[in-house]
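Below you'll find the structure, written out as structure tokens, and then a few comments.
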Amino acid sequence: MVVIVALAVFSVLAGLVNSVADATPVTGLLFGVVTAALGIGLYRWLVRRLENRDPHELRVADARAGVRQGALTGLAAFTVTISVIAMTGSYHVTGWGSFGGALTTLGLMCCVAVTEELIFRGVVFRFLEEHAGTWGAMAASGLIFGLVHLVNPEATVWGAFAIGIEGGLLLAAAYAATRTLWLPIGLHLGWNMAVGGIFGTTVSGSAAGLGSLLEAKVSGSEAITGGSFGPEAGVVAILVCLILTALFLRHAKRRGRLYARGDTPLPAATRD
Numbered sequence: 023m024v025v026i027v028a029l030a031v032f033s034v035l036a037g038l039v040n041s042v043a044d045a046t047p048v049t050g051l052l053f054g055v056v057t058a059a060l061g062i063g064l065y066r067w068l069v070r071r072l073e074n075r076d077p078h079e080l081r082v083a084d085a086r087a088g089v090r091q092g093a094l095t096g097l098a099a100f101t102v103t104i105s106v107i108a109m110t111g112s113y114h115v116t117g118w119g120s121f122g123g124a125l126t127t128l129g130l131m132c133c134v135a136v137t138e139e140l141i142f143r144g145v146v147f148r149f150l151e152e153h154a155g156t157w158g159a160m161a162a163s164g165l166i167f168g169l170v171h172l173v174n175p176e177a178t179v180w181g182a183f184a185i186g187i188e189g190g191l192l193l194a195a196a197y198a199a200t201r202t203l204w205l206p207i208g209l210h211l212g213w214n215m216a217v218g219g220i221f222g223t224t225v226s227g228s229a230a231g232l233g234s235l236l237e238a239k240v241s242g243s244e245a246i247t248g249g250s251f252g253p254e255a256g257v258v259a260i261l262v263c264l265i266l267t268a269l270f271l272r273h274a275k276r277r278g279r280l281y282a283r284g285d286t287p288l289p290a291a292t293r294d
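For the sequence shown, the residue numbers in my numbering are 23 to 294.
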């Protein structure tokens, strides 16, 4: 509980700092990366201090490969999603956006991806998995993850449900498959950056202040486009993320990383 509170407070403070720093692309990117790094440092310190263990889920040796693989997967997944939406005639590029704005968005998304993964997969999912097993933890943490997004400006109940499936289940499955937080962090970053920083659509019901490489118009059936919440509330995004979730869970099963209630989950570093 102490870890969650500390990280939640840090997340709020980091958000305030980034809201000021986004006055220019350079400061927006710089402060986003710095607050993300500080969040990781805080998590590592809290785990060592309160859990008396080394945080294997954030091994420095796994960082580059995990973030790179996750980011590329996230970018590819949303590119497929928006391409399908475009084929239905519901997404149209109207012009070029702003490279500087995209850099600001990248900084913000670095902080968002790190802080949310530290809280929801690094703490909430791990705690629930110890008491309810992998499947129970995925369901419960996914529900919590979705409910938290109800506070976003254009949030809807359906949108929160969709985020619970896409983000909650997918990112938990990515963590279960690797037992490292780097892959979910990269996946979260790549997906969010594609949504708001490249293709110019709404991120989880909150598009305020986001700059993007492309300017675009979304119209048509809300079942496809997600309406005011953005593409993440559409059926295409849900299906794409469910497919990825299944692939990660298949990998986790093959590596013996799905746990029943009462088992003690071990990080990948102690199993390989």
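Glycine residues also receive a C-beta, built at the ideal position from the N, C-alpha and C atoms.
- SER41 sits in a helix when the DSSP states are folded into three classes.
- GLU139: member of the alpha helix (DSSP H) spanning 121-141, first to last residue.
- A residue is called buried once 16 or more other Cβ atoms fall within 10 Å of its Cβ, and TRP67, having fewer, is exposed.
- Around the CB of ALA194, 16 or more other CB atoms lie within 10 Å, so the residue is classed as buried.
- Non-local C-beta neighbours of GLY249 in its own chain, meaning closer than 7 Å and more than five positions away in sequence, comprise ALA255, ordered along the chain.
- About 5 Å separates the Cβ atoms of PHE100 and TRP213, confirming a contact at the 8 Å cut-off.
- For PHE53, the closest C-alpha among the options ALA245, LEU35, TYR65 and VAL69 is that of LEU35.
- In this structure, ILE246 is the residue among ARG201, ILE246, PHE270 and GLY284 with its C-alpha nearest to the C-alpha of THR103.
- Within the segment 44-88, the complete alpha helix (DSSP H) segments of 4 residues or longer fall at 47-68, listed in chain order.
- Burial check for ASP285: the Cβ neighbour count within 10 Å stays below 16, so the residue is exposed.
- Between SER105 and ASN174, the gap from beta carbon to beta carbon reaches 7 Å or more.
- According to DSSP, residue pairing for ALA238 in a beta bridge involves VAL115.
- ASN40 sits close to CYS133, with the two beta carbons spaced by under 7 Å.
- Between LEU209 and THR57, the CB-CB gap reaches or exceeds 7 Å.
- Looking only at ARG148, LEU191, ILE207 and CYS263, the smallest Cα-Cα distance to VAL69 is reached by ARG148.
- In the structure shown, the three-state DSSP call for SER228 is strand.
- In this structure, the alpha-carbon of ALA135 lies about 30 Å from that of GLY242.
- For the options MET109, GLY123 and HIS78, the alpha carbon positioned closest to that of THR49 is the one of GLY123.
- LEU125 is not a Cβ neighbour of LEU205, given a cutoff of 7 Å.
- In this structure, VAL115 sits away from LEU232, with a CB-CB distance that is not shorter than 7 Å.
- By the CB criterion at 7 Å, LEU203 and GLU139 fall inside the cutoff.
- Nearest C-alpha to SER112 among LEU271, VAL258 and ALA282: VAL258.
- Within the same chain, and ignoring the five residues on either side of ARG279 in sequence, the residues whose Cβ sits closer than 7 Å to its Cβ are ALA198, ALA199 and ARG201.
- By the CB criterion at 7 Å, GLY164 and GLY144 fall outside the cutoff.
- 7 Å or more divides the Cβ of ALA184 from the Cβ of HIS171.
- Going by C-alpha positions, MET215 is about 14 Å away from VAL55.
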